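Undergrad: Here you go, one structure.
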Amino acid sequence: MSNTIAQDLATYLAIAWLTPLLSFVIAIFNGFKWGRTSRNAAFAATAAIATGFVSSAIAMNRWICEIGGWDKLLHPDHHEHHAYAGVFYDLATFGSLKLSISYYIDSLTLTMFCMVTFIATCIHIFAMGYMSEELAETYDDHQAHVTRPGRFYRFFAFLSLFCFSMLGLVIAGNIFQVFVFWELVGVCSYLLIGFYTERRSANVAANKAFIVNRVGDFGFIIGLMILWTYTGTFTFSNAHMEGAAPGLFEIIAAQATGASEAAHHVAAHGALPTVPQTLLIIAGLGIFAGCVGKSAQFPLHTWLPDAMEGPTPVSALVHSATMVAAGVYLSARFYPVFTTEVLTVIAYVGCITLFVAATIAIVATDIKKVLAYSTISQLGYMMLAIGVGGWGAGLFHLITHAFFKSLLFLGSGAVIYGCHHEQEMPKMGGLLKKMPVTGFAMAVGCCAIAGFGIPHTNLAFSGFFSKDAILATALAYSKINPSHSLLFLAPLVTAGITSFYMWRLWFYTFTGKTRDRHVEEHCHEVPKIMFIPLLVLSMLAFGCAWGGEEGVLYSLLHASQPESCAISDAGLPTHHHIHESHETAGVLALTSALLGFALAYLLYCKSVISPAAIKEQLKPLHSFLVAKWRFDELYDAVFVWPSKRVGGFIAGIDRNVFDNAIDGLAASAVKVAKSNRRFDEVVVDGAVRASGEIVSALARTFRVIQTGRARQYVLFVAVGLVLVVAGFFGVILPH
Amino acid sequence: MDPLCYLSLLIFLPTLGAIILFGFPSKAVDAMRVFTAAITGVVFLMTLQLWLGGSFNPVLGTIQPVQEGVSVPWIASWNIHYRLGYDGLSLPLVVLTGFVSFLSAIASWSIQKLHKGYFILFLLLVTGMLGVFLALDFFLFYVFWEVMLLPMYFLIGVWGGPRREYAAIKFFLYTLVGSVLMLVAMLMLYFASGREFSLIGLAQQAAAGKFSSFEQTVAFILLFIGFAIKVPCVPVHTWLPDAHVEAPTPISMILAGVLLKMGGYGILRIAFPLCPLGAYYSSYALVAIGVVSIIYGAFAALAQTDFKRLVAYSSVSHMGYVTLGIGVWKLSEAHGIDFWLQGVSGAMFQMIAHGVSSTGMFFMVGVIYDRVHHRDLNQFGGLMGRMPLYSGLAAGIFFAGLGLPGLCGFIGEVAVVISTWNYDPLLAIIAASGVVLTAGYILWTMQRVYLGASYKGPHSEEIDHMPFTAREAFVGFTLLIAAIYLGVYPSVVFDVMDATLKGSLETLEKAVATVGK
Amino acid sequence: MTGDPLSILVWLSAIFFLCGFLCMIVKRNVIGMLIGVELILNAANINFVAFGQLSRLGIDGQIATLFVIVLAAAEAAVALAITLVFYNSHSTIDADRGESLRG
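If you read the sequences in order, they're chains S, W and G.
In case it helps, this note's numbering puts the first sequence at residues 1 to 735.
In case it helps, this note's numbering puts the second sequence at residues 736 to 1252.
In case it helps, this note's numbering puts the third sequence at residues 1253 to 1355.
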């Protein structure tokens, strides 16, 4: 039975996963044939991702039927995992070691699939409108000052490839496969950020995104190496299947819980490998470093704001809703392997990130940059939640954030589209009259991200529930560990800041008077194809978390909640603790958000105090924030510049040391050869020539008697004979 | 067909072609091009036949008996045999040789002068390369090794760029030093073994502990230096950038695609089995050299402004993974030789993958060089808009070089790197940091060449005059498809070599263990 | 000088030889030189015959003499042929005019 459901789920999800790849292949090969003005690529991509959504929904339904229907989901009797694992095919086998493409499906996988495919479908539809200017033989890129052919099909091909990679990451059944698709989403992100290849800023941003991510991946690889060396497997879990080799989760769990449970495994599979505690911490930190890179957490957050160079639908899909959430997803997926120390680090990284990013968002003036920093900040919340043991809360926020942030980004995209690619908020203002639908949708998004709602009722925006869950967990955690109370205070304050900068964005853009004549003249509401996705997403941004922690979404996620290997001695809050804190945390968070809203209203709508005056007052702070805490300069000075220098130095070594050594060797060989030649010419040849000279000289001497006259020769013969005879008798015989 | 005849035919078919080429009139350039391409095409098909034709059994084939090992006496008084054969170790490289030769023959359309001589030497080079991979007699191996050297010298020295003489001589001398060291080691082992040249026989004797550990160490060092020059490892790598930069495009492709692999192959086929103890003692040096090559090559590539030189240094960096993977000889308690097997398999895969990706990279450099006649990275840009198909293919190939998953470069690198921790965590971390640098230099290069608003360099009009031809697109597509295929389904290579490598490593392990007692 | 017949014959031979020798080096005419050669050969013949008759040499001396006579005949034929050729090319038979042997 369980086998067939595993196969069913794997098949449905594989369809959802591979259809976008098919669409990519079709679009990339046919795009040129279809022509610049054809929408076929968009239709193919949208159809593919919509198929993906349908298929994911069917899989979700199948899973819910399997566990016993909706009631069972909302009121589980006991904590039971319904997870399924299996292998698609092996990449390589080295003795007992195996690298494979496999799947691990539980409710988290399914929820992610539905969320990603759904949001992607909305964004594809939006992008059909947003990118329509590319549907032309010539496209004027005002920013790069070039005219080039439109690239409509290429955009959708890349989007499809991205969806394929993202879904591959989610379905992955082993950490190696996660790494594979991790890199692939990275490269899709690279392609999409750098979509306007003519713009230098876009290329630089794309490179930066990829390379900063690679820095995180460096840590990721170290984590992989450690786990691989000590456990010999990358599989997450065998999902309690009979006969399957234990995965990482089982191995680490057995190690953490000690002998009693391990004995059971020993009987079943032989002794399980163990990882030394220190290395387990390093491995956890390494994997987390990968997550830090992908989810743009401090200190690798610098790439995400720059990534806004990509087209806005890309920012909505890749750089807010899905890919950047992959880091959080992996942290959650790998939760059972993280030790207490790692979790603390995760919590603090999240905490620092959410605060730093929020402060920068206050001063950003580019509408997309504000949203980018807000994304970083919200991702920080999720990380924090995971770090303090709020596994469900973090993922809850991941899903709600995906909806409201994609909504906000699409809204900003609509604004940018309406204002003819104007992104600077100081030039906008008063757009509500001209773009009512967009303005309304953005307002819903702002309410959601600020976390507005009425406590004790279901009448609240999705962000309220998820942020509430996070703050409650953080509060419970800081109650248990008073030394870590910063982990509650920072997000609480930041909740206010979040509300402030988001409403600042809204008021700045939609109320007051339009500050730029050009924008005022051209601004218009976006076409239907763009605002329908906005409306759909606003509904979900409002209601996707309906019911809070008793609702469907949270229950779905909660059904996959793993046991942390650190749970025994970590001081992580239990469900009971969190429940106690809910009241306080909820009220505090709401107060904070309302304060932020009020401040934004006073400053930017009513102009009670001039923001410019405050800016003047706090000039050093302001410029520090505008410079994004000077991280870019720091990294340039500490990493980029030295790498280039080292590169130059090494190339110099090659040229000057190695090559010179070799050339010198060759030169001295030539010198030796030359002196050898002289020796040959002077000494050896000299000796030979000298002997020749002697013979020749003798010959010249005796030549005189060779007269050629026969008569003289006769005479010489006679004289010679006489001399010989005389010599014989006169000299030799007497002796 | 009788294996000896088949393998001999495979090796000497290009020579036959070269002889026939003598009869071509010098004016019939197109005929010579097509003829050469046809000959290499047949060679490629014959290598495929070896692999897929059913005569090769991947499950068999430990290093002894090498599959299809056949011999006839050649110089009987010195116990030299004409001995050919292949196993899972050489077969992938033989197929790679056929593949790369075929593609570079097609890329040879760009050769502009002395066509007849070029194609004759080209075919002789192919014979030499195939011979090296198929020879199982040390002497025969040495002969082919030298045979391959000469055509290469002339191909660089006559058809190369402005500094071709310098590059050719540098290449020749470096390689010759390597062969001399190899010759010394060969004679050492010949006399120590009681006049044996057979690689199989020598390996058996070595496994049985016939050579003293001193002999093994000395011979290993000599052999290793000889092969390391070919790989090339830092610090004996400086011939490579010069040779690559000056060589004509198709020759660069062969140089990167096949010649460098002979170093790795030699280490695995000769240095390790013949001197297991020496190899065992030197393994740390191998790993360290590999790691240094990775980082050193990557940094040097970062600093280049010549497109081709950059690709050449990327070869140094990528081939570092090969040395690294071969060297990680340390047993693990739980997994025995598995990690080492992973390292060596990864190294072999990396050789194949690099054979595809760097061949492609050099080809891509050549395509643009044929048009604009310069290689200055700071004077490109905007090619993505001018030549979209070319740029798209090039991007794919460069991503393969970068080690992007789904393309061939990734599997080998990652298999090697993650097997290294078991050997030495510190070196593993340094090796892993290579991924950042690689991403850095490849992306930066792509940015400078393909991206950007417009092309900035000279001969801009040539880009429009010479569109990307179908022939060039064929080479590009073939390489990219090979890269994707290997990246998505790497077991196609792993399956071929798995049994051979496993058997071979086990034999080595046993050899060292017996002496250790 | 004694009356010993052998010594008389040897003396005779010596005088013949001297005559022949002088004839060879004095005569510029090739024919004259040839006559000198014949004299020298016959001087030798006298010696052979004398020693063959009067010492232990026996019949061998006469055989040698016969051999020399034949040799002389052959030599004369060759020499005259050379002379003829020499005359044809130089229009003279003056031996001093032929200098092609000069070193």
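Built from N, CA and C at the ideal position, the CB exists for glycine as well.
As the structure is a prediction and not an experimental result, all values here were calculated from the model.
1) How far does the beta strand (DSSP E) with R148(S) in it reach, from first residue to last?
2) Rounded to the nearest angstrom, how far is the Cβ of T1213(W) from that of L831(W), given a contact under 8 Å?
3) My output table needs one value for L748(W): the three-state DSSP class, helix, strand or coil.
4) With a cut-off of 8 Å, does the C-beta of P1257(G) fall near any C-beta of chain S?
5) Determine the contact status of A469(S) and G413(S), defining contact as a CB-CB distance below 8 Å.
6) Buried or exposed: where does R517(S) fall if 16 or more other Cβ atoms within 10 Å of its Cβ makes it buried?
7) Assign S483(S) to buried or exposed, taking buried as 16 or more other Cβ atoms, counted over all protein chains shown, within 10 Å of its Cβ.
8) Is it the case that the Cβ atoms of C291(S) and G418(S) are separated by a distance below 8 Å?
9) Compute the Euclidean distance between the alpha carbons of S260(S) and A254(S), then round it to the nearest angstrom.
10) With a threshold of 16 other CB atoms inside 10 Å of the CB of P1257(G), please say whether the residue is buried or exposed.
11) Could you check whether the Cβ of L715(S) sits closer than 8 Å to any Cβ belonging to chain G?
12) Suppose contacts are defined by Cβ-Cβ distances below 8 Å. Is A589(S) in contact with F403(S) by that definition?
13) Apart from the five residues just before and just after Q297(S), which ones in its own chain have a Cβ nearer than 8 Å to its Cβ?
14) Let's see if you can read the secondary structure: which residues bound the beta strand (DSSP E) around F452(S)?
15) Flag this pair as touching only if the segment 137-154 of chain S and the segment 31-50 of chain S have three or more C-beta atom pairs under 8 Å; answer yes or no.
16) Quick check: the Cα distance between L715(S) and I1277(G), rounded to an integer number of angstroms?
17) Pull up the distance between the alpha-carbon of K467(S) and that of L557(S), whole angstroms please.
18) Look up K606(S) in the DSSP assignment and say whether it is helix, strand or coil.
19) Would you give the residue range spanned by the alpha helix (DSSP H) that T312(S) belongs to?
20) Does any residue of chain W bring its CB to less than 8 Å from the CB of P611(S)?
21) Between which two residues does the beta strand (DSSP E) harbouring G86(S) extend?
22) Chain S partners of Y1031(W), CB-CB under 9 Å?
23) Can you name, in chain order, every residue of its own chain whose Cβ lies under 6 Å from the Cβ of S560(S), other than the five neighbours on each side?
24) On a Cα-Cα basis, can you pick out the residue from L169(S), L505(S), L395(S) that is closest to F597(S)?
25) Give me the Cα-Cα distance between A690(S) and Y713(S), rounded to the nearest whole angstrom.
26) DSSP state of A982(W), grouped into three classes?
27) If you follow the beta strand (DSSP E) that Y925(W) is in, where does it begin and where does it stop?
28) For S1189(W), which residues in chain S fall below 7 Å Cβ to Cβ?
29) Rounded to the nearest angstrom, how far is the Cβ of F874(W) from that of T771(W), given a contact under 8 Å?
30) For R678(S), would you say it is in contact with chain G, using Cβ-to-Cβ distances shorter than 8 Å as the test?
31) Using beta carbons (cut-off 8 Å, strictly below), is S812(W) in contact with chain S?
32) Check D1230(W) in the structure and name its three-state DSSP category.
33) Tell me which same chain residues have a C-beta within less than 8 Å of the C-beta of L1253(W), skipping the five on either side of it?
34) Do S462(S) and C544(S) have their beta-carbon atoms positioned less than 8 Å apart in this structure?
35) For A1302(G), would you say it is in contact with chain S, using Cβ-to-Cβ distances shorter than 8 Å as the test?
36) Have a look at A763(W) and F854(W) and give me their C-alpha separation to the nearest angstrom.
TA: The short version:
1) Taken as a continuous stretch (DSSP letters only), the beta strand (DSSP E) holding R148(S) covers 146-148.
2) Actually they are not in contact, since the Cβ atoms of T1213(W) and L831(W) sit about 13 Å apart, beyond 8 Å.
3) In this structure, L748(W) counts as helix in the three-state DSSP scheme.
4) Chain S, which has no Cβ nearer than 8 Å to the Cβ of P1257(G), makes this no.
5) Against a cut-off of 8 Å, the Cβ pair of G413(S) and A469(S) comes out as no contact.
6) Label assigned to R517(S): exposed.
7) By the 10 Å Cβ count, S483(S) comes out exposed.
8) Note that the C-beta distance between C291(S) and G418(S) is not below 8 Å.
9) Low local confidence applies: a pLDDT of 48 at S260(S) is under 50, so the model's placement there is unreliable, and no value is given.
10) P1257(G) comes out exposed.
11) Chain G, which has a Cβ nearer than 8 Å to the Cβ of L715(S), makes this yes.
12) Pairing A589(S) with F403(S) gives a Cβ-Cβ distance that is not under 8 Å.
13) Once the five neighbours on either side are set aside, the close Cβ partners of Q297(S) are C291, G327, V349, G350, T353, I376, L379, G380, M383.
14) Where F452(S) is concerned, there is no enclosing beta strand (DSSP E), given that its DSSP letter is neither H nor E.
15) Segments in contact, yes.
16) Roughly 6 Å between the two C-alpha positions.
17) In a straight line, the C-alpha of K467(S) is about 15 Å away from that of L557(S).
18) It is coil, neither helix nor strand.
19) Unbroken alpha helix (DSSP H) run through T312(S): 312-316.
20) No, P611(S) does not count as interfacial toward chain W.
21) Per DSSP, G86(S) is one residue of the beta strand (DSSP E) stretching across 84-94.
22) Those within 9 Å of Y1031(W) in chain S are I650, I653, D654.
23) D106, S107, L108.
24) Among L169(S), L505(S), L395(S), the Cα nearest to that of F597(S) belongs to L505(S).
25) If you draw a straight line from the Cα of A690(S) to the Cα of Y713(S), it is about 31 Å long.
26) Here A982(W) sits in coil by DSSP.
27) Counting along the chain, Y925(W) falls outside any beta strand (DSSP E), though it belongs to the alpha helix (DSSP H) covering 899-927.
28) In chain order: V146.
29) Rounded, the Cβ-Cβ distance is 30 Å, inconsistent with contact.
30) No, because no Cβ of chain G sits closer than 8 Å to the Cβ of R678(S).
31) Cβ-Cβ to chain S under 8 Å: no for S812(W).
32) Three-state DSSP puts D1230(W) in a helix.
33) In the structure displayed, chain W extends from 736 to 1252; residue 1253(W) sits before or after that span and is not available.
34) The answer is yes: Cβ separation under 8 Å.
35) No, no contact with chain S.
36) If you take the alpha carbons of A763(W) and F854(W), they lie about 12 Å apart.
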